[in-house]
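Q: In my numbering, the protein residues as written are 659 to 1141.
The structure under discussion is supplied below as C-alpha cells; questions concerning it will follow.
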Ligand code: GLN
C-alpha cells in the first residue's frame, strides 16, 4: 500500500520507528501530487523546495530525540485563504493572484511549531463563496472518486487532496458548510469547530461572524490529534475564546450508551434524495444498536436558516471585501484615469462573477431602504435559531442530520443556477448561524459510487463527544478509500 494512503497516526508511527525518514516521506507525496493533481486540480501552489527543507529540519528534531512533537514530519496542506508568510495566498481570486502575505495565520504557525511540513496551497471557491469549488481562477476541483463530478466547496481542494492521498491532512474553512459538504462529497472526515475555539487570525475574511477554520482528515482519530494542535486562545483574534485545553484524541470509541440523539424533521425534508436518506437512516439505526437513544424533534425556524445565512454572509462579505480597492494591495488596473475609475476597474477585473453577486446582494441587504426587511430580519431569525438549538440541547446531546441532500453533482450542472446551488446548503448553514461545532463523517456510498456523509451537531465545545460518536460511525462504516 502506498505510504500516502496512511493516516496521520500510522504515518507518525512509521516516522518514529524510523521505517521512513521525513524527507523520503515528503518525496513520496510529491510523486503522488505530480501524478494525480493534473486530474484533480486540488493544489494551486506546490512548495516543493520549502517542504524538502522543512522535512530535513523535522528529521533533525526526530534524530535529536528530545521532546519530539507528535506531528513532527507529517506532510499537510492548507486552503488558499489561510495566510502563509511569503507563500502565495490567492483565495482563488485574480484580486489576490500575486499576494504574498507578510505574516502567517496562527493555525499555520501552530502547525509549523509542531513540526508539520507544508506541501502546498489548495484550490477553493473564490473567497470561499460556493459549494462546488468551480468558482476559481485556477479552474474547478474534480472529485477524486469520479472526476466528472464536483468535489464540493468551498474547501474542495482540501477534501479532494486528503481523499486522493495528496496530503496526510488539510485545513479548510467553513462559513456555511464549506468543510463538511466537500468532506461528505469526497468521503473524508470534516470538522467545523465551535466559533471562537480555533483562531481566525490570518484567515482571509468572507463572513467573519460565521466562519471557522477546521480540519479535513482521513479518520476521526487524526481529527482529534490535529484539534489538539490548532485550538487555543489567540490574543490576535478578538473572537477567540479562553478555556482550558482538552485532549480531543483521548477516549475515542468509548461506549455511547444512553447518548441522546435528536433528528430534526426539518433537516430530513423533501429535498433529501432517497438514496442519501436511506444510508443516513441505516447509520442512525446502527448507532441505536450501539446504545444511542434516537428521538424525533423539531427546530421550526431552521427552515429559514438558508435565507438568513445568504443575507448575513453576503452582507458581511460586502463589507469585508470593500478593502480590495486596487490601492493597498490586490489587483490594480493600471490604466485608470482617476480614483473612482481605479476602484471600478480594479474590482471589475479582480473579482469573479459569484463574488460580485454576493457583494451586490450584501450591499442591497445593508442599504438604508432594505436593511430592516433583510439584514435586521435575518439577524432576528439567527437569534431564534440559536435559541431553538439551545432548547434542544437542554434535552438532547447531539443533533444528527444529512450533510447535504445530494451526493456530488456533475461539474457545470448547477453553475448557471445560483439559487439552486445556494439551496443545497440547507443542512449545513444553521450550525454556523448558531456558532455550533459540527462534523461530517463518511457513512456510505450511492449507486454511482459517490460518498455520503452524516452530520453530527453539538452544543458549544462538545467536539469531544462529536468525535466519540463519530468514531462509532467510523467503526461501523469503515473508512472510505479510493482503490
Ligand atoms: N456554500 C456556502 C456559501 O457559498 C458556504 C461556503 C463556505 O462555507 N465557505 O456561502
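Beta carbons are placed, not taken as given, at the ideal position from N, Cα and C, and that holds for glycine.
Using only CA atoms, which one of 739, 749, 703 and 753 lies nearest to residue 763?
A: Numbered from its first residue, the chain shown carries residue 763 at position 105. If we check each option's Cα against that of residue 763, 739 comes out closest.
Q: Is any heavy atom of ligand 1 found at a distance shorter than 8 Å from the C-beta of residue 1086?
A: In the chain shown, residue 1086 corresponds to position 428, counting from 1. Yes; taking the cut-off as 8 Å, the Cβ of residue 1086 has a heavy atom of ligand 1 nearer than that.
Q: Under the criterion of a Cβ to heavy atom distance below 8 Å, does residue 867 qualify as lining ligand 1?
A: For the purposes of this step, residue 867 is taken as residue 209 along the chain shown, with counting starting at 1. No, ligand 1 has no heavy atom inside 8 Å of this Cβ.
Q: I'd like to check one pair, residue 924 with residue 960: are the Cβ atoms closer than 9 Å?
A: Residue 960 sits at position 302 when you count from the first residue of the chain shown. Residue 924 sits at position 266 when you count from the first residue of the chain shown. Closer than 9 Å, so yes.
Q: How should residue 812 be labelled, buried or exposed, when 16 other C-beta atoms within 10 angstroms of its C-beta is the threshold for buried?
A: Your numbering for residue 812 matches position 154 in the chain shown. So residue 812 counts as buried.
Q: Under 8 Å, with one C-beta from each stretch per pair, do the stretch 866-877 and the stretch 901-916 reach the 3-pair mark?
A: Cβ pair count under 8 Å is below three, so no.
Q: Taking the alpha-carbon of residue 699 as reference, which of 1044, 991 and 810 has the nearest alpha-carbon?
A: Here residue 699 is taken as the residue at index 41 of the chain shown, counted from 1. The shortest Cα separation from residue 699 among 1044, 991 and 810 belongs to 810.
Q: DSSP three-state call for residue 833: helix, strand or coil?
A: Indexing the chain shown from 1 puts residue 833 at position 175. It is coil, neither helix nor strand.
Q: Can you tell me whether residue 913 is buried or exposed? The criterion is at least 16 other CB atoms within 10 Å of its CB, across all chains shown.
A: Indexing the chain shown from 1 puts residue 913 at position 255. So residue 913 counts as exposed.
Q: Is the beta carbon of residue 1000 sitting closer than 9 Å to the one on residue 990?
A: The residue labelled residue 1000 in the question sits at position 342 within the chain shown. The residue labelled residue 990 in the question sits at position 332 within the chain shown. In contact: residue 1000 and residue 990 (Cβ atoms closer than 9 Å).
Q: Let me make sure I understand the geometry here. Which of 702, 688, 722 and 788 has the alpha-carbon closest to that of residue 674?
A: Looking up residue 674 in the chain shown gives position 16. Comparing Cα positions, the closest option is 722.
Q: DSSP three-state label for residue 764, please.
A: Residue mapping note: residue 764 aligns to position 106 of the chain shown, counting from 1. Helix.
Q: With burial defined as no fewer than 16 other Cβ atoms inside 10 Å of the residue's Cβ, what is the status of residue 920: buried or exposed?
A: The count along the chain shown starts at 1 and reaches residue 920 at position 262. The residue in question, residue 920, is buried, as its Cβ has 16 or more Cβ neighbours within 10 Å.
Q: Taking 8 Å as the cut-off, is the CB of residue 740 close to at least one heavy atom of ligand 1?
A: Taking the first residue of the chain shown as position 1, residue 740 is located at position 82. Checking the Cβ of residue 740 against ligand 1 gives no.
Q: Taking C-alpha atoms, which residue in 679, 988 and 713 lies nearest to residue 749?
A: If you number the chain shown from 1, residue 749 lands on position 91. Closest option to residue 749, Cα to Cα, is 988.
Q: Where do the ends of the beta strand (DSSP E) carrying residue 702 lie?
A: The sequence position of residue 702 within the chain shown is 44, counting from 1. Here the beta strand (DSSP E) through residue 702 covers 701-704.
Q: Starting from residue 1011, follow the alpha helix (DSSP H) in both directions and report where the run begins and ends.
A: Looking up residue 1011 in the chain shown gives position 353. Counting along the chain, the alpha helix (DSSP H) containing residue 1011 begins and ends at 1011-1024.
Q: Kindly examine ligand 1 and report whether one of its heavy atoms sits closer than 8 Å to the Cβ of residue 947.
A: Translated into the one-based positions of the chain shown, residue 947 becomes position 289. No - ligand 1 has no heavy atom lying nearer than 8 Å to the Cβ of residue 947.
Q: Give a yes or no on whether the C-beta atoms belonging to residue 1124 and residue 1096 are separated by under 9 Å.
A: By one-based count along the chain shown, residue 1124 stands at place 466. By one-based count along the chain shown, residue 1096 stands at place 438. Contact flag set, yes.
Q: With distances taken from CA atoms, which of 786, 816 and 787 is nearest residue 800?
A: Sequence index remark: in the chain shown, residue 800 carries index 142 (1-based). Residue 816 is the option with its Cα nearest to residue 800.
Q: Within 8 Å: the Cβ of residue 968 and any heavy atom of ligand 1?
A: Indexing the chain shown from 1 puts residue 968 at position 310. Yes, since a heavy atom of ligand 1 falls inside the 8 Å radius drawn around the Cβ of residue 968.
Q: How many Å lie between residue 778 and residue 704 at the Cα?
A: Counting from 1 along the chain shown, the entry for residue 778 is found at position 120. Counting from 1 along the chain shown, the entry for residue 704 is found at position 46. Going from the Cα of residue 778 to the Cα of residue 704 covers about 4 Å.
Q: With hydrogens ignored, establish whether the beta-carbon of residue 839 is closer than 8 Å to any heavy atom of ligand 1.
A: On the chain shown, residue 839 is found 181 positions in, with the first residue counted as 1. Because some heavy atom of ligand 1 lies under 8 Å away, the Cβ of residue 839 counts as near it: yes.
Q: Quick test of the definition: if touching needs 3 or more C-beta pairs under 8 Å, does the stretch 820-827 touch the stretch 1063-1079?
A: No: fewer than three Cβ pairs fall under 8 Å.
Q: Is residue 1044 closer than 9 Å to residue 1093 when the C-beta atoms are compared?
A: What you label residue 1093 is simply residue 435 of the chain shown in a count that begins at 1. What you label residue 1044 is simply residue 386 of the chain shown in a count that begins at 1. Yes.
Q: Could you check where the beta strand (DSSP E) with residue 775 kicks off and where it finishes?
A: For the purposes of this step, residue 775 is identified with residue 117 of the chain shown, where counting begins at 1. Residues 775-780.
Q: Give the single residue among 1019, 947 and 857 whose Cα lies nearest to the Cα of residue 766.
A: To locate residue 766, count along the chain shown from 1; it is residue 108. The residue with the shortest Cα to Cα distance from residue 766 is 857.
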